[in-house]
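Below: one structure, written as structure tokens.
There are 2 protein chains.
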Amino acid sequence: MLAARLWARQRALPRRVGFSTAALPHTSLNPVTEQDVAHFSKFLAPNSIISTLSPNPCAPDELETYNNDWIGRFHGQSTTVLKPKTTQEVSEILKWCNDHRIAVVPQGGNTGLVGGSVPVNNELILSLANMNKVRSFDPISGILVADAGCILQSLTDYVAPHNHIMPVDLGAKGSCQIGGNVATNAGGLRLLRYGSLHGTVLGLEVVLPDGRILDQLTTLRKDNTGYDLKQLFIGAEGTLGVITGVSILTPPAPQASNNVILALPTFDNVLPLYQTVKRQLSEILSAFEFIDRTAYDLAVKHGQGRALSEEDTKGAECFVLVETSGGRREHDEEKLNDLLELLLSADKPLINTGVLSQSPAQFISLWALREGVTEAVSKEGKAYKYDISVPLSSFKEVVDNTREHLRSKGLLHDKAVKYVLGYGHVGDGNLHLNIVADAYLPEIENALEPYIYEVVAAHRGSISAEHGIGAMKTHALPYSKSAISIELMKKIKQVFDPRGIMNPGKVLE
Amino acid sequence: MLAARLWARQRALPRRVGFSTAALPHTSLNPVTEQDVAHFSKFLAPNSIISTLSPNPCAPDELETYNNDWIGRFHGQSTTVLKPKTTQEVSEILKWCNDHRIAVVPQGGNTGLVGGSVPVNNELILSLANMNKVRSFDPISGILVADAGCILQSLTDYVAPHNHIMPVDLGAKGSCQIGGNVATNAGGLRLLRYGSLHGTVLGLEVVLPDGRILDQLTTLRKDNTGYDLKQLFIGAEGTLGVITGVSILTPPAPQASNNVILALPTFDNVLPLYQTVKRQLSEILSAFEFIDRTAYDLAVKHGQGRALSEEDTKGAECFVLVETSGGRREHDEEKLNDLLELLLSADKPLINTGVLSQSPAQFISLWALREGVTEAVSKEGKAYKYDISVPLSSFKEVVDNTREHLRSKGLLHDKAVKYVLGYGHVGDGNLHLNIVADAYLPEIENALEPYIYEVVAAHRGSISAEHGIGAMKTHALPYSKSAISIELMKKIKQVFDPRGIMNPGKVLE
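Have a look at this one:
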């Protein structure tokens, strides 16, 4: 929460024309006043304003879900939430805020993990929840154009009858909004197959901080006319403007899905296995998930299914979950069966054993082993979660070295760190490193940071593969990005948001 | 070539510190002098300098291939070509040029179609041809890191033994370089399947105009740490910096490819057919190419194969070429055969007939029908070629309306326009609209422009789906991009290249 400390409230500061906020960020930002709320009520419906400052003030607890993130780590003190219904209303809000130097936090489903969508102080919250209409869908091209506030699951449901799926899928799909997905460059389970949002988002409608509408909401798969500005907003976490509309390519729905869990005698076999699986399953491979022994045992302990017998798992150092999604069930099953046969009949088998799901129920129960790790960890203690990208070959080394590092600090015991475990998306190079402790303790945090960030930097990895920077990791950005990169980011911020009103304290310090 | 007119050579202009080149672009750029060449010879090998100004001046015709584009439409008057061998050398060249306000044109294989890689005047040409080493390839992840000057075909050959392919494929693959592919955001035949370079490029190494090296050459599939700056260089056509290294995700090679040509009674069937084909072939569909009747007849007339008998094609208004690429030949053939059966047994068939290739030779001969259109057109006369994106449903309307427009101007006859035809990538919404004339005539050009650009703008399409803007279409950019977009592009140009030395007269006027 370093950003909060930097942000002094100096309402009385005279407004200087042409004043560079880059030199002295946020010092001239103003809180929302009753006059501001009165202005907003001129063009917003009464139910689009939730404010303790309005003529009909709301109870402070009505603002709670907007001011706090869902993991309970980040807390803002905003007095006012606006829920515009049109792009034009967003434009008028931002124009006023820019003119009056009022900071604005755009908020989607507020499901982020790094505090990007709640105020660090008393910024105005601009919720996109009321902008939730599908604008168009072309079943032939699969191109969907939707308001930013559409919930991901609703969009999935919308395209399903047309035999299409959304290219992005997340645990939070029931609450997260497509605009927030784009603003945070959400990854998720389908990235291996369908690629990142930088490839699948075709166009955006964005309201710039000064209220102007940047309309790049095209439905073109190919357009080589100048710099691809929309890319800057993908992953900018609302610091450059407010995304109000999204045009996105939805892939045809697969006709069949299968999965198999494999027990491996040693981690060294994971990468040769990945290579074999990729070659055998080719275009139908849709997930290749790694679970280390500690993570597997915790998932089983907390009842997340038991697909393999104890005999099967004896001597297994880690596990891999493989999923296929294809156009015809019998072809996919044949490919999967042939793969298993090849693996088991090898002279030096890469796997001890493997179990192929035989029914939809088994399919779900295999996935539960992987997806249940999160819940098992939360039942076991307090978790420090790191979402990092490192080379595939280093997954085990990073987990083991972290455990040894904690042991060397005398912190690996029942009253401190109980488990260090790893799981994640091998196909994406994305490791979820979890440190499960008896309680959150400063000495554990000090032992973990900057240690883990330094390990990531030494591997030229990413300190945030999926979750973003938000308010949580601004101080750690230099571990993944060079000084020149950060300098250029700041200049780009200055181009789009010279007064620094957009989501201050996020992404850039 | 409007840009060339704007660019006055004013060597004598005093150098003003902090002078904004945005206000008065390029007026303070200097030509290369003998002193500059003497400086370059201090750190470049003798064979890295080709200049009429050096102590050992080259013959002017040695510069011809660098000063002229391959279609013979754009001609520069550069005196000096530098061919650095390392990123450090590129850095030293740019630092000197920036300090001395010498304009620089980065040049890859010089295979572009819009004059983006040749000087509009006497800029220094920086050829990447000597930076042609693969830096690393990881056969497990499929991530390739290569110098920008590597030729696309060499990279294809490099990854082939590892069972991988490049995600981009072009007719010019024998000459074009990966750095140029990225700088122009090349599309090509594999885009439908593997997506655009915005998704497959994982990292870039770029030398900024001031000589600093922006190292974002990561090999991470996922990295959510701040603005994705590399995206700006993809499609910037060398106007923001020089790409010196590329990290790119190469997909596993398909094990089998098949194709089929279909004759359709009416254009109205193309889109329902596309929908059916997508559903039936799902993840193995790798191309869906449209050829109108005029284009087909020209291809056949000029000997580009004859896959269908005259009987088969009688009454066909257009043709579609479908390609599959999959992991197992027998599965793919079964899917294709079932598709054909489904299509032919329908109550109201969408197709008149279809021919499935039965051998590698037939596979090539079916593709020759589609790829031979270009050659047939060039044998038939002088072609005006437009590479546009419009909605799939408008392909025929755009071609027909253009023909009628020319007819209404009295230009549709043997001595003016002979054919108006369309073909292209239905899957990408990319139509190649060709107007074949007896000779290039001003009245034809006046009838076509801005007419076609206005049609594109009315469809919210792109005036350049694949080829880029270069020097050729800077004046037409407003047909595809709003005033706000262009203003922001200019500000971004100013951030990266405040002195305007990078490829002046390209992309932005």
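From first to last, the protein sequence lines stand for chains A and B.
Its first residue numbered 54, the first sequence is counted upward by one per residue in the working numbering.
Its first residue numbered 54, the second sequence is counted upward by one per residue in the working numbering.
C-beta: ideal position from N, C-alpha, C; glycine also.
- If you check the CB distance, asparagine 151 (chain A) and proline 262 (chain A) come in under 8 Å.
- The DSSP assignment places 448 to 461 as complete runs of the alpha helix (DSSP H) inside the segment 437 to 482 of chain B, in order along the chain (cut-off: 4 residues).
- For the segment 327 to 356 of chain A, the set of positions with a beta-carbon nearer than 8 Å to some beta-carbon of chain B reads Tyr327, Gln328, Lys331, Arg332, Gln333, Leu334, Ser335, Glu336, Ile337 in chain order.
- Given a length threshold of 4 residues, each whole run of the alpha helix (DSSP H) inside the segment 278 to 303 of chain A is given here in chain order: 283 to 286.
- A distance of 8 Å or more separates the beta carbons of threonine 272 (chain B) and isoleucine 193 (chain B).
- Contact annotation: the segment 522 to 542 of chain B touches the segment 167 to 177 of chain B, with at least three C-beta pairs closer than 8 Å.
- In this structure isoleucine 314 (chain A) is in contact with phenylalanine 372 (chain A), their Cβ atoms being roughly 6 Å apart against a cut-off of 8 Å.
- Residues of the segment 465 to 486 of chain B with a C-beta less than 7 Å from any C-beta of chain A: Asp481, Gly482, Asn483, listed in chain order.
- Taking the beta carbon of lysine 449 (chain A) as reference, no residue of chain B falls within 9 Å; the closest one sits roughly 14 Å away.
- Separation of proline 137 (chain A) and valine 452 (chain B) (C-alpha to C-alpha, rounded to the nearest whole angstrom) is 42 Å.
- By the criterion of a C-beta distance shorter than 6 Å, valine 158 (chain A) is surrounded in its chain by Pro172, Glu176, Ile178, Asn556, once the five residues flanking it on both sides are discounted.
- Neighbourhood of proline 159 (chain A) in chain B, by CB distance below 8 Å: empty, with the nearest CB roughly 16 Å away.
- Non-local C-beta neighbours of lysine 283 (chain B) in its own chain, meaning closer than 8 Å and more than five positions away in sequence, comprise Val254, Gly256, Leu257, Val259, Gln269, ordered along the chain.
- Remark: fewer than three beta-carbon pairs, one from each stretch, lie closer than 8 Å, so the segment 367 to 383 of chain A and the segment 282 to 302 of chain A are not flagged as touching.
- The continuous beta strand (DSSP E) containing glutamate 258 (chain A) extends over residues 254 to 260.
- Under the three-state reduction of DSSP output, aspartate 114 (chain B) falls in the helix class.
- Taking a Cβ-Cβ threshold of 8 Å, none of the residues of chain A is close to threonine 319 (chain B); the smallest such distance is about 16 Å.
- Using a Cβ-Cβ cut-off of 8 Å, lysine 534 (chain A) counts as an interface residue toward chain B, since at least one Cβ of chain B sits closer than that to its own.
- Separation of the CB atoms of lysine 388 (chain B) and leucine 334 (chain B) is rounded to 6 Å, and the pair is thereby assigned contact status at 8 Å.
- Rounded to the nearest whole angstrom, the CA to CA distance from serine 431 (chain B) to tyrosine 437 (chain B) is 10 Å.
- Taking all protein chains in view, the Cβ of leucine 395 (chain B) is surrounded by fewer than 16 other Cβ atoms within 10 Å, so the residue is classified as exposed.
- What glutamate 519 (chain B) touches in chain A, judged by beta-carbon distance under 7 Å, is Lys275, Asn277, going in chain order.
- Leaving aside the five residues that flank serine 228 (chain B) on each side, the residues in its chain whose CB is nearer than 6 Å to its CB run, in chain order, Gly162, Thr164.
- Assigned with DSSP and collapsed to three states, serine 378 (chain B) falls in strand.
- Sequence-distant Cβ neighbours of asparagine 121 (chain B) in its own chain, meaning closer than 8 Å and more than five residues away, are Phe127, His128, Gly129, Val171.
- Contact holds between the segment 470 to 486 of chain B and the segment 336 to 349 of chain B, because three or more Cβ pairs, one in each stretch, are under 8 Å apart.
- Under the DSSP assignment, serine 418 (chain B) falls outside any beta strand (DSSP E), being part of the alpha helix (DSSP H) whose first and last residues are 413 to 433.
- By the beta-carbon neighbour count (other beta carbons within 10 angstroms, threshold 16), glutamine 411 (chain B) is exposed.
- Counted as a single uninterrupted DSSP element, the stretch harbouring leucine 179 (chain B) is not any alpha helix (DSSP H) but the beta strand (DSSP E) occupying residues 177 to 180.
- Beyond the five residues adjoining it in sequence on each side, isoleucine 497 (chain A) comes within less than 8 Å, by CB distance, of Tyr437, Leu459, Leu464, Ala469, Val470, Ile488, Ala490 in the same chain, given in chain order.
- Among the bridge pairs identified by DSSP, aspartate 345 (chain A) is matched with A:Cys371.
- Here the alpha carbons of alanine 91 (chain A) and serine 144 (chain A) stand approximately 17 Å from one another.
- Residue state for proline 495 (chain A) is assigned as helix, using DSSP reduced to three classes.
- Across the structure, tyrosine 493 (chain B) and tyrosine 439 (chain B) are spaced so that their CA atoms are roughly 15 Å apart.
- In summary, the residues of the segment 246 to 280 of chain B whose CB is separated from some CB of chain A by less than 7 Å are Gly248, Ser249, His251, Gly252, Arg265, Leu267, Asp268, Gln269, Thr271, Leu273, Arg274, Lys275, Asp276, Asn277, Thr278, Gly279, Tyr280, in the order they occur in the chain.
- Of the residues A:Val408, A:Asn83, A:Gly514, A:Ile337, the one whose Cα lies closest to the Cα of aspartate 481 (chain A) is A:Gly514.
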